[in-house]
Amino acid sequence: MRRQRTVADGLRVVVRALVYAVLGGTALLAVATVASVLGPTLALDLYTPPVAAWWTVFTAVVVQAVPFLLLGTVVSAAIGAFVPERVLRRLLPRSPVLAVPVAGLAGTVLPGCECASVPVAGSLMRRGVAPAAALAFLLSAPAINPVVLVATSLAFPGRPEMVLARLLASLGTAVVMGWLWARFGKEKWLTPPRRDTGPHPTTGARASLTGLQHDFLHAGGFLVLGAAAAATFNIAVPRSLLDLFTGSPWLSVLLLALLAVVLCVCSEADAFVAASLSAFPATAALVFMVVGPMVDLKLFALQTGTFGRAFAVRFASVTWVVAVAAGVLTGWWLL
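Sequential numbering of the sequence shown, starting at 1, is according to this note's numbering.
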């Protein structure tokens with residue numbers, strides 16, 4: 001009797017999670033659609049065509065990205081609640097040198113946003129996974145999972161080389177950073193993550209619902225901010241100033257690498273933002289997509305709170321350099 005009641009409670013929570021996901025995605029799409037209709041009308045009434053162009057870019061980015069953001073957060077919440085971390089730990093070799101690439105490749109089959117990757121990596125460390133392998137998974141999971149790769153293919157239609165370049169550059173960055181930590185990382189830099197003793201469930205259907213609500217609202221907010229920033233950048237930055245960067249491959253790469261840190265766009269949606277920056281070279285757009293899921297302001301805050309400031313400062317700065325280098329080299333080779 002108790003078992004049947006538990007199953008029934010679990011089914012109700014799952015149905016409720018799906019309803020919340022559908023209603024949340026529909027509401028966000030409705031807001032974007034209404035904005036796309038009213039925004040240009042208001043802009044024309046005020047005789048400001050640039051505002052109409054801003055609304056067009058903003059709504060295009062949001063409407064294209066919301067389905068993938070919703071799918072990514074649903075899958076991420078389900079994995080965090082129903083897949084025990086010990087499954088990954090048992091699949092990893094004992095040697096950190098071998099465990100790092102295996103953990104990096106695991107990111108291709110375990111979808112999740114960068115916000116969820118930090119607590120998952122901390123949980124892996126608590127359960128005995130080598131920090132180098134856990135950090136490689138932290139970087140690869142939000143950057144090369146199936147949802148992100150499919151979103152990238154749709155953001156850059158007819159350009160499969162962009163998807164391959166993102167996969168190789170992001171995986172290479174994750175593996176290199178894992179190996180660098182295994183070789184040069186010091187225990188005093190890494191504050192061990194504490195075990196969660198809060199009232200919220202950590203497994204099961206209720207945990208999945210809690211994770212879905214948090215991830216979708218949190219990532220959706222950053223998506224809206226990122227889309228607004230991208231639209232503002234496209235409209236407000238003078239073309240003469242933009243030509244100074246787009247005319248130089250190196251300056252364009254550095255600019256988008258810095259923008260990726262500041263914009264904090266969710267990895268399920270950053271490909272659409274990168275595609276909207278059409279004035280920049282393809283290599284610069286690739287660097288934007290490689291850096292964003294690995295180094296941005298919200299990730300730095302999450303890493304500081306989970307692993308300590310000494311770790312976050314060193315890890316984020318070195319990751320940024322490695323990600324930029326990997327994006328440039330891969331872009332030079334494939335694009």
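The beta carbon of each residue, even a glycine, is placed where N, CA and C say it ideally should be.
In the three-state DSSP reduction, D270 falls in the helix class (H, G or I). At the C-beta level, G104 and A182 stay beyond 8 Å of one another.
One Cα belongs to A231, the other to W54, and the distance between them is close to 5 Å. Burial check for F311: the Cβ neighbour count within 10 Å reaches 16 or more, so the residue is buried. Per DSSP, the unbroken alpha helix (DSSP H) holding E161 starts and ends at 160–184. Rounded to the nearest angstrom, the gap between the Cα atoms of A275 and V147 is 17 Å.
When the five nearest sequence neighbours on each side are left out, the beta carbons in the same chain lying within less than 6 Å of the beta carbon of D270 are those of M289, G292, in order along the chain. Cβ-Cβ distances below 6 Å link A132 to P96, V100, G178, W181, A182 in the same chain, with the five nearest sequence neighbours on each side left out; the list follows chain order. Residue range 309–334 is occupied by the alpha helix (DSSP H) that includes G327. Under the DSSP assignment, P249 falls in the alpha helix (DSSP H) whose first and last residues are 249–263. Shown here for L138: same chain residues with a beta carbon closer than 7 Å to its own, the five before and five after excluded, namely S117, V118, A121 in chain order.
In this structure, the straight-line span from the alpha carbon of M162 to that of L277 is close to 15 Å.
Bounds of any alpha helix (DSSP H) do not take in A279, whose DSSP letter is neither H nor E. DSSP places S153 inside the alpha helix (DSSP H), whose first and last residues are 146–155. Taking every protein chain shown into account, the CB of R166 has 16 or more other CB atoms within 10 angstroms, so this residue is buried. Membership of L105 in the alpha helix (DSSP H) is indicated by the continuous run 96–106.
Assigned with DSSP and collapsed to three states, T306 falls in helix.
Nearest in C-alpha terms to N145, of all of L302, A301, E268, V287, is E268.
Excluding residues up to 5 positions away in sequence, V163 lie with their Cβ nearer than 6 Å to the Cβ of L149 in the same chain. Distance from the Cα of T319 is smallest, within the candidate group V287, G331, W333, for V287.
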